[in-house]
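Written below as structure tokens is the structure these notes are about.
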Amino acid sequence: MEKKAIGILTSGGDCGGLNAVVKSAAKMAITMGYRPYAILNGYAGLYNLIDHNNVLELTEELLETVDILRAGSRIGNSRVKISAISNATKYERIKQGLEKFKIHALVIAGGDDTGSVTVDLNKNGIACIHVPKTMDLDLQTYSVGGDSSINRSAEIIHSVKTSAMSHNRAMVVEVFGRYAGHVAMRAGLAAEADCILIPEIPVDFDVVFEHMRERMLKRLENSALGETHYTIVAAEGLRFDGELLSDGSMETDAFGHVKMAGIGKAIRKILAKKVKADDVIKEAYRKKGIFVEGMNEGPEVREVIPSYLTRSGEVSAWDACYGWDMGAAAMVLIDQGITGVTVTGFEQGHVAYVKTEKAIVQRFVDEELVKLYEKLGVCFGRRPVDTKIDSHEVKDPNWNYI
Numbered sequence: 000m001e002k003k004a005i006g007i008l009t010s011g012g013d014c015g016g017l018n019a020v021v022k023s024a025a026k027m028a029i030t031m032g033y034r035p036y037a038i039l040n041g042y043a044g045l046y047n048l049i050d051h052n053n054v055l056e057l058t059e060e061l062l063e064t065v066d067i068l069r070a071g072s073r074i075g076n077s078r079v080k081i082s083a084i085s086n087a088t089k090y091e092r093i094k095q096g097l098e099k100f101k102i103h104a105l106v107i108a109g110g111d112d113t114g115s116v117t118v119d120l121n122k123n124g125i126a127c128i129h130v131p132k133t134m135d136l137d138l139q140t141y142s143v144g145g146d147s148s149i150n151r152s153a154e155i156i157h158s159v160k161t162s163a164m165s166h167n168r169a170m171v172v173e174v175f176g177r178y179a180g181h182v183a184m185r186a187g188l189a190a191e192a193d194c195i196l197i198p199e200i201p202v203d204f205d206v207v208f209e210h211m212r213e214r215m216l217k218r219l220e221n222s223a224l225g226e227t228h229y230t231i232v233a234a235e236g237l238r239f240d241g242e243l244l245s246d247g248s249m250e251t252d253a254f255g256h257v258k259m260a261g262i263g264k265a266i267r268k269i270l271a272k273k274v275k276a277d278d279v280i281k282e283a284y285r286k287k288g289i290f291v292e293g294m295n296e297g298p299e300v301r302e303v304i305p306s307y308l309t310r311s312g313e314v315s316a317w318d319a320c321y322g323w324d325m326g327a328a329a330m331v332l333i334d335q336g337i338t339g340v341t342v343t344g345f346e347q348g349h350v351a352y353v354k355t356e357k358a359i360v361q362r363f364v365d366e367e368l369v370k371l372y373e374k375l376g377v378c379f380g381r382r383p384v385d386t387k388i389d390s391h392e393v394k395d396p397n398w399n400y401i
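Take the sequence shown: its position 62, counted from the start at 1, is 61 in numbering that gives the first Met the number 0, and no numbers get skipped.
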């Protein structure tokens with residue numbers, strides 16, 4: 000009997016852990032007696048299967064060359080919204096392409112946009128399992144790539160402090176986060192940033208400036224070496240006065256999302272203007288003997304944009320392991336005839352999953368967590384909200400061991 004074939008593809012943005020998903024799904028497929036194919040370059044490759052050989056059989060020998068601690072996807076990504084393709088026969092075209100290689104189901108790793116396409120494909124008779132992937136961590140379940148991006152971002156934020164201290168600067172580090180600020184929040188907290196600005200909380204730059212001035216001048220006053228610094232982490236989707244801060248281009252991608260750019264530059268301009276007009280800072284610089292008219296009247300504000308560095312390079316052990324789990328678990332579901340769902344974990348010998356429509360609902364930073372860290376002195380671009388923190392005993396804990 001001819002072996003059944005399954006297709007594996009990655010879609011949307013690159014990140015850490017994707018290669019683990021691909022390798023694990025393929026290895027489990029081989030173990031189960033399936034023939035695994037990589038569909039190259041995401042949904043673009045899937046759409047063109049009928050006309051091209053955009054597949055690669057993932058043999059044991061080939062899988063040996065896939066390094067799961069390497070970020071990105073060896074089989075390629077693309078951002079394509081299938082339902083938006085003008086071709087009226089697009090779904091039949093995809094089905095014909097899959098039939099060409101006898102592929103009866105797909106393992107698809109991606110975020111909310113990718114997940115929405117898997118929902119669409121399933122409704123049109125194309126069997127899919129969705130593996131959650133997004134460095135933004137804005138799905139309901141944990142997603143491959145989140146831990147790696149947080150670690151990389153935290154390392155950069157922490158490292159830039161040495162430059163800030165050498166020049167008495169305020170540094171604005173711009174990180175990914177279109178609608179949710181999980182990466183900015185967690186990376187900023189890990190790196191002990193002074194200020195964390197996220198899309199969930201509208202920013203008041205008067206508050207940010209007051210906090211920056213207070214901290215920088217206090218550090219300057221207390222430093223025997225005459226040094227100070229201030230670190231701001233800002234998610235790219237930050238809003239000010241109800242509007243998205245950007246460089247003004249406002250171009251959109253295949254899913255209609257505005258392409259984010261320029262948040263760090265915008266913040267730098269706002270704060271630099273406030274520094275220049277502030278007499279309190281000038282007097283402090285005079286007192287410290289570092290004031291120079293027109294040249295060194297206060298701290299410089301600079302932006303740092305690590306951009307794709309935060310989703311590139313090395314993968315965290317957590318993401319590598321999670322990718323291993325999810326790829327194998329996806330194949331278990333396919334073998335059981337379960338499709339149209341998002342795999343969420345491997346719990347006590349069972350594969351856990353939810354409907355993809357539920358998994359891709361956006362999850363935002365919990366404001367109660369923000370309030371906790373406001374008590375610890377972190378600025379979130381608003382006046383701190385005083386709140387009482389209660390406690391309760393967990394009666395039936397769901398332990399999450401590594």
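C-beta: ideal position from N, C-alpha, C; glycine also.
Practice problem: Go ahead and pull the three-state DSSP assignment for residue 170. | Solution: strand
Quiz item: Any chance the region 109-127 sits against the region 264-276, with 3 or more Cβ pairs inside 8 Å?
Solution: no
Self-check item: Nonlocal neighbours in the same chain, by C-beta distance under 8 Å from residue 104, ignoring five residues either side
Solution: 5, 6, 126, 127, 128, 333 and 338
Practice problem: Alpha carbon to alpha carbon, how far is residue 329 from residue 207? Give it in angstroms, no decimals. | Solution: 45 Å
Exercise. Round the Cβ separation of residue 320 and residue 147 to the nearest angstrom and send it over; I've been treating them as touching at under 8 Å.
Key: Rounded, the Cβ-Cβ distance is 12 Å, inconsistent with contact.
Quiz item: The beta strand (DSSP E) with residue 196 in it runs from where to where?
Solution: 194-196
Practice problem: Run the CB neighbour count on residue 371, radius 10 Å, all protein chains shown included, and call it buried at 16 or more, exposed below. | Solution: exposed
Self-check item: Spatial neighbours of residue 276 in its chain, beta-carbon cut-off 8 Å, leaving aside the 5 residues before and after
Solution: Same-chain partners within the cutoff: there are none.
Quiz item: Just to confirm, are residue 300 and residue 168 a CB contact at a threshold of 8 Å?
Solution: yes
Practice problem: State the start and end residues of the unbroken alpha helix (DSSP H) segment that holds residue 280. | Solution: 278-287
Quiz item: Quick one, are the C-beta atoms of residue 136 and residue 196 less than 8 Å apart?
Solution: no
Quiz prompt | Proximity to residue 189 [Cα-Cα], best of 157, 344 and 114 | solution = 157
Quiz item: Cα separation between residue 228 and residue 218?
Solution: 8 Å
Quiz item: When you compare each of 224, 356, 192 and 307 to residue 210 by their alpha carbons, which one comes out closest?
Solution: 192
Exercise. Go to residue 354, then tell me how far its beta strand (DSSP E) extends in each direction, as first and last residue.
Key: Annotation for residue 354: the continuous beta strand (DSSP E) segment containing it runs 349-354.
Quiz item: Exposed or buried, which one is residue 291 when buried takes at least 16 other CB atoms within 10 Å?
Solution: exposed
Self-check item: Residue range of the beta strand (DSSP E) that includes residue 345
Solution: 340-346
Quiz prompt | Residue from 114, 150, 109 and 176 whose Cα sits closest to the Cα of residue 143 | solution = Residue 143 has its Cα closest to that of 109, out of 114, 150, 109 and 176.
Quiz item: Cα separation between residue 331 and residue 350?
Solution: Distance from the CA atom of residue 331 to the CA atom of residue 350, rounded to whole angstroms, is 8 Å.
Self-check item: Nearest to residue 283 (by Cα), restricted to the options 107, 220 and 267
Solution: 220
Quiz item: How would you call residue 368, buried or exposed, if buried means at least 16 neighbouring beta carbons within 10 angstroms?
Solution: exposed
Exercise. Could you pull the start and end residues of the beta strand (DSSP E) that residue 7 belongs to?
Key: 4-9 is the span of the beta strand (DSSP E), which, as asked, contains residue 7.
Quiz prompt | Completely contained alpha helix (DSSP H) runs for the region 88-162, where each covers 4 or more residues | solution = Within the region 88-162, the complete alpha helix (DSSP H) runs of at least 4 residues fall at 89-99 and 111-122.
Quiz item: What's the C-alpha gap between residue 302 and residue 205?
Solution: 19 Å
Quiz prompt | Unbroken beta strand (DSSP E) run spanning residue 55, endpoints | solution = 54-56
Exercise. Look at the alpha carbon of residue 162 and the alpha carbon of residue 183, and state the distance between them as a whole number of angstroms.
Key: The C-alpha of residue 162 lies about 20 Å from the C-alpha of residue 183.
Quiz item: Is the distance from the Cβ of residue 19 to the Cβ of residue 57 below 8 Å?
Solution: no
Quiz item: How many angstroms separate the CA atom of residue 106 from the CA atom of residue 116?
Solution: 12 Å
Practice problem: Return the first residue and the last residue of the alpha helix (DSSP H) that residue 33 is part of. | Solution: Run containing residue 33: none; DSSP gives neither H nor E here.
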